[in-house]
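First to last, the protein sequences are chains U and E.
Positions 1 to 269 (my numbering) are the ones given, in order, by the first sequence.
Positions 1001 to 1269 (my numbering) are the ones given, in order, by the second sequence.
Note that the Cβ used here is the ideal one computed from N, Cα and C, for glycine as well.
Number of protein chains: 2
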Amino acid sequence: MNRTHANRPIGIFDSGIGGLTVLREIARLLPREDLIYLGDTARFPYGSKSSHAIIQCALECARFLMEQQIKMLIIACNTASAHALEMLQETLPVPVVGIIQPGFKVLMETTRSQRVAILATQGTIASNVYQNLIRQHYPMACVFPIACPLFAPLAEEHLFDHPAADLIAAHYLQSLNTANIDAVLLACTHYPLLRNAIQKALPPSVKIVEPAQSCAEQVRSWLTASEMQNLQEQGRHQFLATDHTERFAALAKTFLGREIDLHRIVLQT
Amino acid sequence: MNRTHANRPIGIFDSGIGGLTVLREIARLLPREDLIYLGDTARFPYGSKSSHAIIQCALECARFLMEQQIKMLIIACNTASAHALEMLQETLPVPVVGIIQPGFKVLMETTRSQRVAILATQGTIASNVYQNLIRQHYPMACVFPIACPLFAPLAEEHLFDHPAADLIAAHYLQSLNTANIDAVLLACTHYPLLRNAIQKALPPSVKIVEPAQSCAEQVRSWLTASEMQNLQEQGRHQFLATDHTERFAALAKTFLGREIDLHRIVLQT
């Protein structure tokens, strides 16, 4: 990898479509970069799979993107970051950025009391990745991890502002009302869409943060430090998925805020 | 296949854990039969996969069960039945029973007006399998197919009796209030768990039916007609899955009504 590789694209993968919220932040902060997004929609969701299965999926996505000559890999999926980041960092010849470290960073910069909650899929919560990271750096912190398996399906059903979303948010978050937290991390790419319902279920003083912007900043730092920025006028974005339905195309619009062409590809297993 | 094979087990497979609702009915009606259940949890859900991928998954599950010397195969998954039943019936040397035909049968035996609704996953609804079957036999019938993607996650979250389940059922089923239907088929193994919420969202005169019992009756008919019943005192049940997590074990209890040992197996691909 050297300066001549600076014009190569950045690869981003996610278990599905939600990672487009991360791509959006990267595109905003780094508009000159070429981006290739791969959503493993054929095997969505990763959240309920075992660690073994998630690692296998992540490896196949990473291999495909490496064949596209990427200069950097971003794992936009919390579950895949939790289980496969280390393995991919050890295996791949390019830098690999997960979504956990950026989420951890913005959460701990936001809290004053070090009493925080993590909202995520069951897979991410069960991996203990955020809990361990926080305890390692902030041994006196108090972490409330909450799995919210219905948030992603609710987001995908466009029921963000439906009363059912409020009831389900209240159901998941009721234990936080007496937890005296001051910050909550949305540790799943789908959850920002439910931000209103989540805020209503929490004491108004609690701040809600998400990792996408912090992740984009980390990418920019690395590109700058290693002089690997693409200097072209305007980056191109390519959108790939392992399965394609009209629903995925519609969801892409919800998450990205604009229409895209989603191309189906086949992964080597 | 002859009478000496009557002591062989019956194989049942599903994309996940929901098919245990079918196993439960079979075990109730045929308590002397040995049953082997295979949940393809590593690749759950089938609903969003392509027809090609679903057929491949179904073939691998069927092959594994054939190696266990089963005398009959039951596809307890609506999506797999919709896409792979015919192929398996043509390929396998044992009878293969799907879940579509039994559902169709009980629904059309229940309706008087031939105005009916089908509640199912997006994959099952998109396959048009129920709609085609009904129109083929009842050309004057009026079918209302409704995809309910949040029902399965709600069931898996044990929120059957939560007000959110009522709101979401009302959201999906509101169009049925003026449809003058008299019967509804729960064409997904998860939906019977939400029966109360679904009933509340429908006019009280509407009857709700499900295929599991009808499927079990079809199995019994075949066993009787071919004199292949197992005559032992009490059948044994074996539970296998392609991925194993604590959550699957907990879900198994919800769907089956009792604790089970779920063993992980690896399918030949």
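> Under 8 Å between C-beta atoms, does U/Ala53 make it to chain E?
Replying inline: So yes, U/Ala53 belongs to the interface.
>> On the DSSP letters alone, give me the boundaries of the beta strand (DSSP E) that E/Arg1115 sits inside.
In response: Note, E/Arg1115: beta strand (DSSP E), 1115-1120.
>> Let me check understanding here. Comparing Cα to Cα, which of U/Gly235, U/Leu85, U/Leu107 lies closest to U/Ser214?
In response: Comparing Cα-Cα distances from U/Ser214 to each of U/Gly235, U/Leu85, U/Leu107, the minimum goes to U/Leu107.
> Which class does E/Met1140 belong to by DSSP, given the choice of helix, strand or coil?
Replying inline: If DSSP states are grouped into helix, strand and coil, E/Met1140 belongs with coil.
> Name the chain B residues whose beta carbon is nearer than 8 Å to that of E/Pro1163?
Replying inline: Of the chains in the structure shown, none is chain B; the protein chains are U and E.
> For U/Ala117 and chain E, any beta-carbon pair shorter than 8 Å?
Replying inline: Not one chain E Cβ lies under 8 Å of U/Ala117.
> Between the C-alpha atoms of E/Ala1179 and E/Phe1151, what's the straight-line distance to the nearest angstrom?
Replying inline: Our two residues, E/Ala1179 and E/Phe1151, have alpha carbons roughly 21 Å apart in a direct line.
>> By the three-class DSSP mapping on this structure, what secondary structure does E/Arg1264 have?
In response: Note: E/Arg1264 maps to strand in three-state DSSP.
> What are the residues that DSSP puts in a beta bridge with U/Phe104?
Replying inline: Answer is none; U/Phe104 lacks a bridge partner.
>> So U/Gln199 contacts chain E; which residues on that side make the cut at Cβ distance below 9 Å?
In response: Simply none; closest approach about 18 Å.
>> Using the three-state DSSP reduction, which class does U/Met66 fall into: helix, strand or coil?
In response: Under the three-state reduction of DSSP output, U/Met66 falls in the helix class.
> Comparing alpha-carbon positions, which option in E/Leu1133, E/Ala1187, E/Asp1040, E/Met1072 lies nearest E/Arg1220?
Replying inline: Considering only E/Leu1133, E/Ala1187, E/Asp1040, E/Met1072, the residue with the shortest C-alpha distance to E/Arg1220 is E/Met1072.
> Whose Cβ in chain E lies nearer than 9 Å to the Cβ of U/Arg63?
Replying inline: The premise fails here: U/Arg63 is roughly 17 Å from chain E at the closest Cβ pair, so nothing lies under 9 Å.
> chain E beta carbons: is any one of them nearer than 8 Å to that of U/Asp243?
Replying inline: Yes, its Cβ sits closer than 8 Å to a Cβ of chain E.
> How long is the line joining the alpha carbons of U/Pro211 and U/Leu133, rounded to whole angstroms?
Replying inline: About 15 Å.
> Is it a yes or a no for the segment 120-136 of chain U touching the segment 1118-1138 of chain E, going by three-plus beta-carbon pairs under 8 Å?
Replying inline: The segment 120-136 of chain U vs the segment 1118-1138 of chain E: no contact.
> From what residue to what residue does the alpha helix (DSSP H) around U/Gln238 run?
Replying inline: First-last for U/Gln238: 237-241, but that is the beta strand (DSSP E), not the alpha helix (DSSP H).
> Checking contacts by CB at 8 Å: is E/His1083 closer than that to chain U?
Replying inline: So no, E/His1083 is outside the interface.
> Going along the chain, which residues of its own chain have a beta-carbon closer than 7 Å to the beta-carbon of U/Leu202, five neighbours each way excluded?
Replying inline: Non-local beta-carbon contacts of U/Leu202 in its own chain, meaning distances under 7 Å to residues more than five positions away in sequence, involve Leu173, Leu176, Val184 in chain order.
>> Let me make sure I understand the geometry here. Which of U/Asp243, U/Cys148, U/Ile74 has the alpha-carbon closest to that of U/Arg24?
In response: Looking at the Cα atoms, U/Ile74 is the closest of the given residues.
> Are the CB atoms of E/Thr1081 and E/Phe1044 nearer to each other than 8 Å?
Replying inline: Note on residue identity: the sequence assigns Ser, not Thr, to residue 1081 of chain E. Against a cut-off of 8 Å, the Cβ pair of E/Phe1044 and E/Ser1081 comes out as no contact.
>> On the criterion of 16 or more Cβ atoms from any shown chain inside 10 Å, does U/Met140 qualify as buried, or is it exposed?
In response: So U/Met140 counts as exposed.
>> Residues in the same chain with beta-carbon distance under 7 Å from E/Asn962, minus the five sequence neighbours each way, listed in chain order, please.
In response: Lying outside 1001 to 1269, the shown extent of chain E, residue 962 of chain E is not represented and no answer is given.
> Can the beta-carbon of U/Tyr46 be found less than 8 Å from the beta-carbon of U/Thr91?
Replying inline: In this structure, U/Tyr46 sits away from U/Thr91, with a CB-CB distance that is not shorter than 8 Å.
>> Please report the straight-line C-alpha distance between U/Phe64 and E/Gly1235, rounded to a whole angstrom.
In response: Straight-line measurement puts the Cα of E/Gly1235 at about 48 Å from the Cα of U/Phe64.
> Would you say U/Lys71 faces chain E, with C-beta separation under 8 Å as the test?
Replying inline: U/Lys71 does not count as touching chain E.
> With a cut-off of 8 Å, do at least 3 Cβ pairs link the segment 1110-1124 of chain E to the segment 1143-1158 of chain E?
Replying inline: Output reads yes: the segment 1143-1158 of chain E touches the segment 1110-1124 of chain E.
> Using CA coordinates, which residue listed in U/Arg247, U/Glu259, U/Gln122, U/Ser226 is at the minimum distance from U/Thr4?
Replying inline: Scanning U/Arg247, U/Glu259, U/Gln122, U/Ser226 for the CA closest to the CA of U/Thr4 turns up U/Ser226.
>> Just to confirm, is the Cβ distance from E/Gly1019 to E/Ala1241 under 8 Å?
In response: Taking 8 Å as the Cβ cut-off, E/Gly1019 and E/Ala1241 do not qualify as a contacting pair.
>> Spatial neighbours of E/Cys1061 within its chain, please: C-beta separation below 6 Å, excluding the five flanking residues on both sides.
In response: Annotation for E/Cys1061: Phe1013, Leu1038, Asp1040 place their beta carbon closer than 6 Å to its own, counting only its chain and skipping 5 residues before and after.
> Going by DSSP, which residues form a beta bridge with E/Leu1038?
Replying inline: DSSP output for E/Leu1038 lists E/Phe1013, E/Leu1240 as bridge partner(s).
> Does U/Leu154 get closer than 8 Å to chain E when you measure Cβ to Cβ?
Replying inline: By this cut-off, U/Leu154 is an interface position.
>> Along the segment 1035-1052 of chain E, where does the CB come closer than 9 Å to a CB of chain U? Name the residues.
In response: Considering only beta carbons, the part of the segment 1035-1052 of chain E lying closer than 9 Å to chain U consists of Thr1041, Ala1042, Arg1043, Phe1044, Pro1045, Ser1048, Lys1049, Ser1050, in chain order.
> Among U/Ile10, U/Arg28, U/Ile26, U/Ser50, which residue has its Cα nearest to the Cα of E/Ala1249?
Replying inline: Closest option to E/Ala1249, judged by alpha-carbon separation, among U/Ile10, U/Arg28, U/Ile26, U/Ser50: U/Ser50.
> Looking only at its own chain, which residues have a Cβ that is under 7 Å from the Cβ of U/Val206, when we skip the five neighbours before and after it?
Replying inline: In chain order, Ile181, Asp182, Ala183, Val184 place their CB closer than 7 Å to the CB of U/Val206, counting only its own chain and leaving out the 5 sequence neighbours on each side.
> Residue range of the alpha helix (DSSP H) that U/Ile75 falls in?
Replying inline: Careful: U/Ile75 lies outside any alpha helix (DSSP H), inside the beta strand (DSSP E) at 72-75.
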